[in-house]
Amino acid sequence: MTVATSSPLSDVSRSVLRLQVFTFIWMSVEAVVSLVTAWHSHSPALFAFGGDSLIELLSAAVVFWRFRFALDETRAARIAGTLLFALAGLVMLTSILNLLGYREAQRSLLGIAILLAAAVVMPWLASRKRKLAVVTSSAALRADAVESALCGYMAVIALAGLVVNTIWAKSWADPAAALALVPLILREGWEAVHSSKLGCDCC
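Here is the structure:
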């Protein structure tokens, strides 16, 4: 008689799903607070961060469907890579508008608070996702981990920009630093899409 037991992969998949549910909840709060704050403070940096949070939500949904409903890995990796390209475009657009003086960010204590929280939560999420991506050999989860890490970087950069702008009135600091992240975002997006074309889950 065969005794049914849960496989290690099933246990790992459940861990991935729990992590993605937490990501849904956190990113929803992060997106709403950032975008509402951006609207009131006219902050392009917070707008970019809120937009990044929305893309992170979509990416988390892709990974959730990948492990909950067995979405094809190649398709999942391609979607996640495309989201990274969208993120790069969003960062470039908002940063250039900021540098051109389209809008000047105002002081926002709520914005600083959400950025501080994100700077702690997102690196932790990225670390957990990277470890699970190695176990599951999932290119989609790897790309999602990259987006979580970039979200953390963006939180730090936006926070630094707001502080510098508030203290020294240097409004160019935030968009200039954000633009420096664009090549990294594009590279990771290309790697995710390229691995999906090759059907390869290697790093």
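All residue numbers for the sequence shown refer to the working numbering, where the first residue is 169 and numbers rise by one. Ideal Cβ placement from N, Cα and C applies to all residues, glycine included. Keep in mind that this is a model prediction, so the values were computed, not measured.
Quick check on this structure: which residue in the options has the alpha carbon closest to the alpha carbon of residue i?
| i | options | result |
| --- | --- | --- |
| A345 | L318, V361, E359 | L318 |
| L187 | L284, T242, W292, V361 | W292 |
| R296 | L283, L284, G279, E315 | E315 |
| A341 | S183, R355, V324 | V324 |
| S181 | L327, L268, A287, L309 | L309 |
| L268 | P351, L330, A229, S339 | S339 |
| W233 | G320, D220, I247 | I247 |
| L330 | R275, R243, P351, E198 | R275 |
| P343 | A254, M322, S221 | M322 |
| A294 | V197, V200, A228 | A228 |
Counting along the chain, where does the alpha helix (DSSP H) carrying residue i start and finish?
| i | result |
| --- | --- |
| A337 | Neither: A337 is in no alpha helix (DSSP H) and is coded neither H nor E. |
| G279 | 277 to 304 |
Please report the Cβ distance between residue i and residue j, rounded to the nearest whole angstrom; I am assuming they are in contact, meaning their Cβ atoms lie under 8 angstroms.
| i | j | result |
| --- | --- | --- |
| L226 | L251 | 6 angstroms |
| A301 | A360 | Contact flag wrong, Cβ pair sits at about 11 angstroms. |
| A256 | L327 | Incorrect: roughly 21 angstroms between the Cβ atoms, too far for contact. |
*Would you call the region 201 to 221 and the region 183 to 192 in contact, with 3 or more CB pairs under 8 angstroms?*
Touching, no.
*Per the contact definition of three or more C-beta pairs closer than 8 angstroms, is the region 197 to 215 in contact with the region 257 to 265?*
yes
*Contact the region 277 to 293 vs the region 196 to 208: 3+ CB pairs below 8 angstroms*: yes
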